[in-house]
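Colleague:
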């Protein structure tokens, strides 16, 4: 048996009927056009191949809870419980697919079993006339086992980079890196004394930044701990989820970024900001103060490193501004202000500053004691995907969408992923608080098109 870490237990204790703590991923494939689907049974054969695989499940796919204290190996692994085959009802549009994913993402995983499921979904209409029909894989796994980035990478690792290379091993045969236990937390060559010394050295610079946090340090672009307004996004949620997803050509974002001399991430935040502004205006629920986004960022120098090396920026989304160009410039300045703050600190100082400055927000999520005091209004995060095309026994992966977690006080999450030359948006929300979430997809496109028009005009004027 393996002792649960404090982080494992936290995600399990936070879970309730209305607050599932699993992450998910939707992977959309086209049927192969090399004759494998001549009899229309490609998906059926694929499912049978996976379910009949004799390879035993690996960690974490074989782990089941024991009294909320331990993980133990499941000696009665039931592949049909975890790997499911379903067909969409007619007409099989993406709309029906997202409705199915929304319902499954709302449903708790069974704690008597290993905490993960795979759903193979067929009967999805072609993207356009003359294109192949499609099928999908929806994978969900509890955050106590792996985080969202690791979950998406597990599925990507189970696929191949060649249309002719078969995938013979099921996803549950892959071994995922787990959070390190306490006795393995010390980096190689580091002593407890050196780590304590490093932590003590962070006290003065972190304390200085915390004081500036409350004073704003004379920086009008600075986002402080208590700057987020109360909004409809920050109420208690229901158990019902709604998922909306869309793909965009990344070059559209790059063109805008070049015209405004900002980063692609700034443009992404601006598109989200404009869509949110329009959506909340339609509900007569737009706060007079700008919404604040929690934007995770990696502090890793080495991508092979394990453990949690993530901090975050607070971005002013400028939703109080009607002008999309001014919103983009405000976002750019706000993000750069946060980056400047972190450049004054080393990695340990950044992590400690973030933990102290926003610890009360974590307490708020756990207890709901201060519902009118918000550090941020929503999370906008990015899960990097493969730059190379991926295949499942010759079936090309066309899109991937990471579905995330929402909690009381945080009713909306926007998670993006990159795949080949596209940016994939996945929006997870409480359907009771935020109805008609599909409207957000059209609003994202409207805002992107609007910024394209402005950037084209800037480019012409500059030439």
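Numbering (the working numbering), first residue to last: 320 to 782. The C-beta atom is built at its ideal place from N, Cα and C for all residues, glycine as well.
With respect to the beta strand (DSSP E) encompassing residue 568, which residues constitute its N-terminal and C-terminal limits?
Modeller: Residue numbering aside, residue 568 sits at position 249 when the chain shown is read from its first letter. 560 to 568 is the extent of the beta strand (DSSP E) around residue 568.
Colleague: Count the other CB atoms, across all protein chains shown, that sit within 10 Å of the CB of residue 782; report buried if there are 16 or more and exposed otherwise.
Modeller: The residue you call residue 782 lines up with position 463 of the chain shown. Burial call: exposed.
Colleague: Determine the DSSP secondary structure at residue 378, reduced to helix, strand or coil.
Modeller: Your numbering for residue 378 matches position 59 in the chain shown. The answer is coil: DSSP assigns residue 378 none of H, G, I, E or B.
Colleague: Relative to the alpha-carbon of residue 326, which residue among 423, 464 and 434 has its alpha-carbon at the smallest distance?
Modeller: As a working note, residue 326 is residue 7 in the chain shown. Among 423, 464 and 434, the Cα nearest to that of residue 326 is on 464.
Colleague: Going by the CB atoms, is the gap between residue 348 and residue 717 shorter than 8 angstroms?
Modeller: Walking along the chain shown from the start, residue 717 turns up at place 398. Walking along the chain shown from the start, residue 348 turns up at place 29. Cβ distance < 8 angstroms, so residue 717 and residue 348 count as in contact.
Colleague: Just the C-alpha distance for residue 477 and residue 546, rounded to the nearest angstrom, thanks.
Modeller: To locate residue 477, count along the chain shown from 1; it is residue 158. To locate residue 546, count along the chain shown from 1; it is residue 227. Straight-line Cα distance between these residues: approximately 43 angstroms.
Colleague: Which word fits residue 371, buried or exposed, when buried means at least 16 other C-beta atoms lie within 10 angstroms of its C-beta?
Modeller: Here residue 371 corresponds to residue number 52 of the chain shown, with the count starting at 1. Flag for residue 371 reads exposed.
Colleague: Assign residue 696 to one of three DSSP states: helix, strand, or coil.
Modeller: In the chain shown, the residue the question calls residue 696 occupies position 377. Residue 696 falls in the coil class under three-state DSSP.
Colleague: When the distance is taken between beta carbons, is residue 389 closer than 8 angstroms to residue 323?
Modeller: Taking the first residue of the chain shown as 1, we reach residue 323 at position 4. Taking the first residue of the chain shown as 1, we reach residue 389 at position 70. Yes, they are a contact pair.
Colleague: Please give the ranges of any beta strand (DSSP E) in the stretch 462 to 489, keeping only runs that are unbroken, at least 3 residues long and fully inside the region.
Modeller: None, since the stretch 462 to 489 contains no complete beta strand (DSSP E) of that length.
Colleague: Tell me the rounded alpha-carbon separation between residue 697 and residue 458.
Modeller: Here residue 697 is taken as the residue at index 378 of the chain shown, counted from 1. Here residue 458 is taken as the residue at index 139 of the chain shown, counted from 1. Spanning the two alpha carbons is a distance of roughly 24 angstroms.
Colleague: Please report the straight-line C-alpha distance between residue 650 and residue 612, rounded to a whole angstrom.
Modeller: Within the chain shown, residue 650 is the residue found at index 331, counting from 1. Within the chain shown, residue 612 is the residue found at index 293, counting from 1. Taking the straight line joining both Cα atoms gives about 10 angstroms.
Colleague: Given a cut-off of 8 angstroms on the beta-carbon distance, is the pair residue 780 and residue 749 in contact?
Modeller: Walking along the chain shown from the start, residue 780 turns up at place 461. Walking along the chain shown from the start, residue 749 turns up at place 430. Their beta carbons are not under 8 angstroms apart, which means residue 780 does not touch residue 749 by this criterion.
Colleague: Since residue 713 is in the alpha helix (DSSP H), which residue starts that stretch and which ends it?
Modeller: Against the chain shown, residue 713 aligns to sequence position 394. Unbroken run through residue 713: none, as it is neither H nor E.
Colleague: What is the DSSP secondary structure of residue 729, counted as helix, strand or coil?
Modeller: Your numbering for residue 729 matches position 410 in the chain shown. Looking at residue 729 - three-state DSSP - the assignment turns out to be strand.
Colleague: So, do the stretch 741 to 755 and the stretch 556 to 576 have three or more beta carbon pairs nearer to each other than 8 angstroms?
Modeller: A contact exists between the stretch 741 to 755 and the stretch 556 to 576.
Colleague: Should residue 344 go down as buried or exposed, given a rule of 16 or more other Cβ atoms within 10 Å for buried?
Modeller: In the chain shown, counting from the first residue as 1, residue 344 sits at position 25. Flag for residue 344 reads buried.
Colleague: Taking DSSP as the reference, what is the three-state secondary structure of residue 341?
Modeller: In the chain shown, residue 341 corresponds to position 22, counting from 1. Of the three classes helix, strand and coil, the one that applies to residue 341 here is strand, per DSSP.
Colleague: Does residue 647 have its Cβ less than 8 angstroms from a Cβ in chain B?
Modeller: The structure shown contains no chain B; it holds only a single protein chain.
Colleague: Determine, using beta-carbon pairs with one atom in the stretch 733 to 743 and one in the stretch 701 to 712, whether at least three such pairs fall under 8 angstroms.
Modeller: Touching, yes.
Colleague: Buried or exposed: residue 387, going by 16 or more other Cβ atoms within 10 Å of its Cβ?
Modeller: By 1-based counting over the chain shown, the position of residue 387 is 68. Exposed is the call here.
Colleague: Where does the unbroken alpha helix (DSSP H) through residue 586 begin, and where does it stop?
Modeller: On the chain shown, residue 586 is found 267 positions in, with the first residue counted as 1. Its alpha helix (DSSP H) spans residues 583 to 601.
Colleague: Please work out which residues of its chain come closer than 7 angstroms, Cβ to Cβ, to residue 644, disregarding the five sequence neighbours upstream and downstream, and give them in chain order.
Modeller: On the chain shown, residue 644 is found 325 positions in, with the first residue counted as 1. Answer for residue 644: 773, listed in chain order.
Colleague: Quick one: grab the DSSP three-state call for residue 615.
Modeller: The residue labelled residue 615 in the question sits at position 296 within the chain shown. Note: residue 615 maps to strand in three-state DSSP.
Colleague: Look up residue 443 in the DSSP assignment and say whether it is helix, strand or coil.
Modeller: Translated into positions along the chain shown, residue 443 becomes position 124. Of the three classes helix, strand and coil, the one that applies to residue 443 here is strand, per DSSP.
Colleague: Please classify residue 448 as buried or exposed, where buried requires at least 16 other C-beta atoms within 10 Å of its C-beta.
Modeller: On the chain shown, position 129 is the one that residue 448 refers to. With fewer than 16 Cβ atoms within 10 Å of its Cβ, residue 448 is classed as exposed.
Colleague: Mark residue 494 as exposed unless 16 or more other C-beta atoms lie within 10 angstroms of its C-beta, in which case mark it buried.
Modeller: As a first step, residue 494 is located in the chain shown; it is residue number 175 there, counting from the start. So residue 494 ends up on the exposed side.
Colleague: Please report the straight-line C-alpha distance between residue 443 and residue 365, rounded to a whole angstrom.
Modeller: The residue given as residue 443 occupies position 124 in the chain shown. The residue given as residue 365 occupies position 46 in the chain shown. Going by the C-alpha atoms only, they are around 16 angstroms apart.
Colleague: Report the rounded CA-to-CA distance for residue 480 versus residue 709, giving the unit in angstroms.
Modeller: As a working note, residue 480 is residue 161 in the chain shown. As a working note, residue 709 is residue 390 in the chain shown. When rounded, the distance between both Cα atoms is 5 angstroms.
Colleague: Does DSSP put residue 638 in a helix, in a strand, or in coil?
Modeller: Along the chain shown, one-based indexing puts residue 638 at 319. Coil, per DSSP.
Colleague: With DSSP as the reference, label residue 398 as helix, strand or coil.
Modeller: Sequence index remark: in the chain shown, residue 398 carries index 79 (1-based). Residue 398 falls in the helix class under three-state DSSP.
Colleague: Check the DSSP bridge columns for residue 435 and list the partner residues they point to.
Modeller: Position 116 of the chain shown, counting from 1, holds the residue named residue 435. DSSP, once it has assigned bridges, lists 460 as partnering residue 435.
Colleague: Verify whether the separation of the beta carbon atoms of residue 778 and residue 589 is less than 8 angstroms.
Modeller: Here residue 778 refers to the residue found at position 459 of the chain shown. Here residue 589 refers to the residue found at position 270 of the chain shown. No, these two residues do not count as a Cβ contact at 8 angstroms.
Colleague: Is it buried or exposed for residue 453, if we count other Cβ within 10 angstroms and need 16 for buried?
Modeller: Walking along the chain shown from the start, residue 453 turns up at place 134. So residue 453 counts as buried.
Colleague: If contacts are defined as beta-carbon pairs under 8 angstroms, then residue 594 and residue 762 qualify, I think. What distance do you get, rounded to the angstrom?
Modeller: By 1-based counting over the chain shown, the position of residue 594 is 275. By 1-based counting over the chain shown, the position of residue 762 is 443. With a Cβ gap of about 4 angstroms, residue 594 and residue 762 count as contacting.
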